[in-house]
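Engineer:
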Amino acid sequence: MQSALMQVALIGLPLSGKTTLCSAMTAGRTEQPGGRSGRAEIKSAVVDVPDPRVAVLADLFNPRKITYAQVRFDDITGVSRGSAEASGFDTRLLDAMGRADALLQIIRAFDDDRVPHPELTIDPARDVEIVTLELIMSDLATVERRLERIAQGMKKTRGDAQAKLRAEEALMRRLADGLSQGTAIRDMALSPTEQIAIRGFQFLTAKPTLVVLNLGEDAEPQTPSEWAAQQQEALVLGIRAMLEMEIAQLPPEERALYLESYGIAEPSLNVLVRECYRLLGLMSFFTVGEDEVRAWTVRRGATAVEAAGAIHTDLARGFIRAEVIGYEEMLACGSLAEARRQGKLRLEGKDYVVQDGDVLSIRFNV
Ligand SMILES: Nc1nc2c(ncn2[C@@H]2O[C@H](COP(=O)(O)OP(=O)(O)O)[C@@H](O)[C@H]2O)c(=O)[nH]1
Ligand SMILES: [Mg+2]
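With the working numbering applied, the sequence shown corresponds to residues 16 to 381, in that order.
Written out as structure tokens, the structure reads:
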């Protein structure tokens, strides 16, 4: 993650259902659909990351405050055929997409005569190609700008500095070649060192990306098109944006019933956030107490001291030990005192690898 909260950008051709989906996921906290299309426009909404474990822990601890991890959705208008052209997207669009941790390509699969399609026909595979090509063009423009700078820099430097530029130039040329052939950077099999070297450029085709097919209200639940069936299954999801938006406007206690009656196992928010966590290699841990029960997000494989740092830099700096108990064990014990009595509260050091759902309490001194 580039910041404390996961950031997800919704992109796609005009009228594919981005704003409708965003509205469904954020219960209307982003602007309603129907805004002017074609213009670069960014609307953001921050929502809680759904995690039923938080409420269960809150029942146990009765805290004054319950805090969920959060995710920000950026509903981005302005990606369409030719929008990246030769010089890339306009700066605002590029910034908004560049700071996203993951991209959701919202692709129209619903048919509705009242909603014109910018390409006239319904063809998800073609639309994915158009959007991807725009991202590729944008990255290519970034690479070419960088190559120009490198060429200038080479004239002014020698020795090590020049050798470094030469190595970067080789990498950039490889990116340019791949992009020119239509390959996304994430599919270029870069080495870990190379990935680190390009991190600062925030290339759009290097970002984890999910294709989200907006199937329309009549679609069979979770049965994307024939085309989608041929894609890497894990990266294509089917949703019904309009239907979900309507259900999201109902009183909370009625929503589950309606979702079920339409065969929607889970709201898109839950599914998409979970998929983004998986794609980004993220997980949650918890802190508990009378004051607050809280969910935190860290990358999978994070150590106890890294988890402490996610809470506060002081906790990482003054880290002594972490008291740890797994989520299931925490429930079984019912309280920290009981967990301690049963010897289930483990004392772990800096290098302990935190597990999804761990309840942590950090001992530190500053
Ligand atoms: N029939 C149908 N219409 C939809 C669906 N999702 C969105 N729409 C309509 O398509 C139009 C464009 O949706 P919008 O969310 O504004 O698209 P955006 O331009 O990608 O943000 C609006 O009139 C929506 O009501 C859907 O699942 N079924
Ligand atoms: Mg919109």
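The C-beta atom is built at its ideal place from N, Cα and C for all residues, glycine as well.
Using DSSP with H/G/I as helix, E/B as strand and the rest coil, what is N380?
Structural biologist: Walking along the sequence shown from the start, residue 380 turns up at place 365. In this structure, N380 counts as coil in the three-state DSSP scheme.
Engineer: Identify the continuous alpha helix (DSSP H) that holds Q210 and give its terminal residues.
Structural biologist: Along the sequence shown, one-based indexing puts residue 210 at 195. Q210 -> alpha helix (DSSP H) spans 207-213.
Engineer: In the DSSP output, which residue or residues are listed as bridge partners for L265?
Structural biologist: Within the sequence shown, the letter at position 250 stands for residue 265. DSSP output for L265 lists no bridge partner at all.
Engineer: Alpha carbons only, please: which of A354, R293, V339 is nearest the one belonging to V369?
Structural biologist: Working through the sequence shown from its first residue, we reach residue 369 at position 354. Answer by Cα proximity: V339.
Engineer: Give the secondary structure of Q237 by DSSP, where H, G and I count as helix, E and B as strand, and everything else as coil.
Structural biologist: The residue you call residue 237 lines up with position 222 of the sequence shown. Because Q237 carries a pLDDT of 48, less than 50, the predicted location of this residue cannot be relied on, and the following value inherits that uncertainty. The answer is coil: DSSP assigns Q237 none of H, G, I, E or B.
Engineer: For Q22, list the residues DSSP reports as bridge partners.
Structural biologist: As a position in the sequence shown, residue 22 is number 7, starting the count at 1. Its beta-bridge partners are R87.
Engineer: Since R188 is in the alpha helix (DSSP H), which residue starts that stretch and which ends it?
Structural biologist: As a first step, residue 188 must be located in the sequence shown, where it is residue number 173. Note, R188: alpha helix (DSSP H), 174-195.
Engineer: Are the CB atoms of V303 and F76 within a distance shorter than 7 Å?
Structural biologist: Taking the first residue of the sequence shown as position 1, residue 76 is located at position 61. Taking the first residue of the sequence shown as position 1, residue 303 is located at position 288. Yes, the Cβ-Cβ distance between F76 and V303 is below 7 Å.
Engineer: Considering S153, what are the terminal residues of the alpha helix (DSSP H) in which it resides?
Structural biologist: Your numbering for residue 153 matches position 138 in the sequence shown. Where S153 is concerned, the enclosing alpha helix (DSSP H) stretches over 139-171.
Engineer: Return the residue from the list L118, L330, A99, D128 that minimises the CA-CA distance to V86.
Structural biologist: By 1-based counting over the sequence shown, the position of residue 86 is 71. The option with the nearest alpha carbon to V86 is L118.
Engineer: Just list the residues that DSSP pairs N229 with in beta bridges.
Structural biologist: Counting from 1 along the sequence shown, the entry for residue 229 is found at position 214. The partner list for N229 (beta bridge, DSSP) reads R123, I254.
Engineer: Determine whether the beta carbon atoms of L360 and A352 lie at a separation below 7 Å.
Structural biologist: As a working note, residue 360 is residue 345 in the sequence shown. As a working note, residue 352 is residue 337 in the sequence shown. Their beta carbons are not under 7 Å apart, which means L360 does not touch A352 by this criterion.
Engineer: Using the Cβ count rule (16 or more neighbours within 10 Å means buried), how would you classify P282?
Structural biologist: Reading the sequence shown from its first residue, position 267 is the one you call residue 282. By the 10 Å Cβ count, P282 comes out buried.
Engineer: To which residues of the same chain is R309 closer than 7 Å at the C-beta, ignoring the five residues directly before and after it?
Structural biologist: For the purposes of this step, residue 309 is identified with residue 294 of the sequence shown, where counting begins at 1. So the qualifying residues of the chain are T82, F301, T302.
Engineer: State the DSSP-derived secondary structure class of M298, mapped to helix, strand or coil.
Structural biologist: On the sequence shown, position 283 is the one that residue 298 refers to. Correct three-state label for M298: strand.
Engineer: Mind checking whether I326 and R378 have CB atoms under 7 Å apart?
Structural biologist: By one-based count along the sequence shown, residue 326 stands at place 311. By one-based count along the sequence shown, residue 378 stands at place 363. Not in contact: I326 and R378 (Cβ atoms no closer than 7 Å).
Engineer: Determine the extent of the beta strand (DSSP E) in which F218 is found, giving its start and end residues.
Structural biologist: What you label residue 218 is simply residue 203 of the sequence shown in a count that begins at 1. Counting along the chain, F218 falls outside any beta strand (DSSP E), and DSSP gives it neither H nor E.
Engineer: Please report the residue range of the alpha helix (DSSP H) in which R107 lies.
Structural biologist: Counted from its first residue, the sequence shown places residue 107 at position 92. Where R107 is concerned, the enclosing alpha helix (DSSP H) stretches over 106-113.
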